[in-house]
Structures are given as C-alpha cells and as structure tokens.
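Counting in UniProt numbering, the sequence shown runs from 1 upward without gaps. Glycine included, C-beta positions come from ideal geometry on N, C-alpha and C. What follows is a single structure, written as structure tokens, with notes after it.
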Amino acid sequence: MRLKYVLSEVLVGLWRNVTMTIAMIITMAVSLTMLGASGLMYLQVNSMKEWYFDKFEVAVFLDISIPEAQRVDLDSQLKADPLVDEVRYVSKEEAYEQFKDMFRDAPDLVNNVKPEQLPESFRVKLKDPQQYEQIYQGFKDKEGVEEIVDQRTLLNKIFAILGAVQKMALIAASVMAIAALLLVGNTIQVAAYSKRREVAVMKLVGASNWFIQAPFVLEAVVAGLIGSILSFGALVVAKVFLLDGSLRDLTTLLTPVEWSSVLLMFPLMAGVGGLFSALTAWVTLRFYLRV
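Here it is, written out as structure tokens:
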C-alpha cells in the first residue's frame with residue numbers, strides 16, 4: 001500500500017510541474033549526452049594510442065649514394081639490435097610508388113620527381129615504442145644514415161589535440177550537469193512547497209522523513225533516468241548516422257568506435273543521472289524540511 005502511494009505521488013508530482021519536469025529532463029539529457037561523448041572520446045583516444053603505437057615505425061633514411069655493402073651492414077646491425085622487433089627495407093622504387101600514391105592529386109609534382117631522387121630507407125618496428133631514443137642515439141651517427149624520423153612525434157601532437165578536445169567536452173558537460181542539478185533542486189523545492197500542507201500534516205501524524213521524501217526523490221530519479229535514456233539514444237543516433245555514416249571516411253585517421261564502448265556509456269549515464277538527481281533532491285528536502 002505504501003509503495004503504491006509513493007509511486008502514485010511520483011506520477012502526480014511529475015505531471016503537476018510538467019513544464020519544469022520537461023526542462024529538467026532536457027537539461028539532464030544534454031549534460032549526460034556531453035558526458036557520454038567525452039567518455040567515448042576518452043576511450044577512443046586510448047584505443048587509438050594502442051592501435052597507432054602498435055603500428056609505429058622508426059624511419060631510418062639512407063644517403064642517396066650509400067654503397068650496397070654499407071646498406072647490408074646497417075640492415076644486419078638493425079636486425080641484431082635487441083630493441084628491434086622487425087626491419088623492413090624500402091627501395092627507391094618502393095619509395096617512389098608510395099610518393100606517387102601520397103601525392104596522386106598533384107600530378108605535376110609527381111612528374112618532376114624521379115625514383116633515383118628518393119632515398120632508400122629502413123622501416124624499423126620496435127618491441128617497445130617508448131625506447132625510440134636509444135635507437136636514435138645508436139644509429140644517428142652511423143655511416144650512410146641521412147636522417148632518422150620518429151612517427152610518434154606527430155602522433156603525440158594529434159593525441160594532444162584530441163586530449164584538449166576531450167577536456168573541453170568534459171568541462172562543458174560538468175557545467176551543464178551543474179545547471180541540470182540546480183534545476184532538479186529548484187523543481188523539487190517547488191514541488192515540496194506546493195505540497196507543504198500535506199507534508200505538515202504527515203509530519204504531525206508521525207510519518208517518517210524517508211516516507212515524506214521518497215516521492216520527491218523518486219521524481220528526480222525518474223527524470224534523471226529518462227534523461228539518460230534520451231542521451232543514450234543521441235549517442236546511438238550519432239554512431240549510426242555520423243560515425244558509421246557521413247563521417248565514415250574519417251576512419252582512415254580515427255579508429256572505429258565500437259558498439260561495446262557506446263553500450264558501456266549507458267550504465268555510466270544512468271548511474272550519474274539517477275544518483276546525482278537523487279542526492280540533489282535529498283539535500284534540497286533535508287534543508288526544506290528543517291525550515
């Protein structure tokens with residue numbers, strides 16, 4: 001009987017202040033969507049780091065006129081190094097084919113470059129990409145080595161930009177969350193004020209605080225959960241129509257967003273939406289009932 005009363009009061013309370021309830025749900029949905037997006041971005045940046053660093057190579061460019069014997073000697077030294085996992089030789093012809101593919105939209109540039117103008121190189125995959133400096137120091141002064149390029153330098157710049165975007169999204173989500181929680185507190189306070197006579201009577205007849213507070217707290221929880229469902233729907237729509245749709249070509253640079261990551265955001269958003277709404281409502285009512 002008590003549970004039925006509490007649930008009926010929740011429905012009545014949500015409908016009584018329907019405009020504020022809708023505003024609360026929308027604000028909560030927006031903030032949770034941004035929270036979920038920043039969470040997805042956090043997981044994606046980590047996934048991209050693992051994926052790119054797994055394919056990370058050190059490019060050891062050779063002098064244009066390096067003798068064959070010297071090249072073979074360098075190849076042997078690289079393969080014998082305990083830090084090296086794999087060594088791949090790129091001839092001038094292979095380098096030219098890669099050059100043509102890279103600059104296929106600039107035919108004039110391609111036509112002005114000959115294969116013999118491009119350097120040979122070794123593409124070295126390390127067992128631990130973090131040990132690039134040891135390879136660089138060990139081979140930078142070797143005879144026949146023109147330049148050593150670390151792809152990780154460029155990747156770190158890209159990840160720094162993505163990290164900054166990630167932080168901005170998290171800050172924006174936090175600001176929206178504060179606004180949503182303030183709206184939750186205000187809505188609960190208005191609802192409690194509109195039922196102040198009933199609350200006073202219930203307190204006089206000995207009703208416990210949790211029984212009085214339960215309908216108001218559950219109103220906030222329901223609003224938070226509905227907001228989390230809407231925000232999860234927004235992430236699903238973004239995944240289907242943007243990441244897997246119009247922005248699909250960007251997967252050449254970005255690793256695909258897995259459905260498992262999207263699904264993982266729902267319990268996070270539902271937990272945050274429901275828990276923080278409940279805490280905000282409870283704190284508001286504790287203050288109100290003591291007045």
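Does residue i come out as helix, strand or coil in the three-state DSSP assignment?
i: Val236; result: helix
i: Asp141; result: coil
i: Phe103; result: coil
i: Phe61; result: strand
i: Val190; result: helix
i: Glu219; result: helix
i: Pro267; result: helix
i: Lys49; result: helix
i: Thr27; result: helix
i: Leu181; result: helix
i: Leu118; result: coil
Between which two residues does the beta strand (DSSP E) containing residue i stretch?
i: Ser121; result: 121 to 126
i: Asp85; result: 84 to 90
Distance, Cα to Cα, residue i vs residue j?
i: Tyr89; j: Lys167; result: 41 Å
i: Pro82; j: Gln137; result: 15 Å
i: Met1; j: Leu182; result: Since pLDDT at Met1 reaches only 43, below the 50 mark, its modelled position is unreliable, and the value read off the structure follows with that caveat. Computed Cα separation, rounded: 32 Å.
i: Gln130; j: Tyr52; result: 13 Å
i: Gly39; j: Ser231; result: 13 Å
i: Asp73; j: Ser121; result: 13 Å
i: Leu279; j: Pro215; result: 14 Å
i: Arg71; j: Gly144; result: 7 Å
i: Met28; j: Gly273; result: 7 Å
i: Val165; j: Ile188; result: 34 Å
i: Gln213; j: Val184; result: 14 Å
i: Lys157; j: Ala180; result: 35 Å
What are the boundary residues of the alpha helix (DSSP H) that residue i is part of?
i: Leu74; result: 68 to 80
i: Leu109; result: 107 to 111
By Cβ distance, which residues of its chain are closer than 6 Å to residue i, with the 5 residues on each side in sequence left out?
i: Lys140; result: Ile148
i: Val110; result: Lys100, Phe103
i: Leu35; result: Ala173
i: Ile25; result: Ala223, Ile226, Gly227
i: Leu162; result: Val45
i: Thr33; result: Ser231, Ala234
Beta-carbon within less than 8 Å of residue i's beta-carbon, same chain only, minus the 5 sequence neighbours each way: which residues are those?
i: Val236; result: Val262
i: Leu268; result: Leu35, Gly36, Gly39
i: Leu118; result: Lys92, Ala95, Tyr96, Phe99
Residue i bridges to which residues according to DSSP?
i: Ile229; result: Paired residue(s): none; Ile229 is not in a bridge.
i: Ile148; result: Val60
Using a Cβ-based criterion (distance less than 7 Å to any ligand heavy atom), does residue i qualify as near the ligand ATP?
i: Leu43; result: Ligands in the displayed structure: none, and consequently the ligand ATP is not present.
Return the chain-ordered list of same chain residues with a C-beta closer than 7 Å to the C-beta of residue i, the five sequence neighbours on each side being excluded.
i: Val257; result: Leu40, Gln44, Lys239, Leu243
i: Glu57; result: Arg123, Val124, Lys125, Gln151
i: Asp85; result: Lys125, Leu126, Lys127
i: Pro115; result: Lys92, Glu93, Tyr96
Check the Cβ-Cβ distances between residue i and every residue of chain B, and say whether any is below 8 Å.
i: Val190; result: Looking at the structure shown, chain B is missing, and only one protein chain is on hand.
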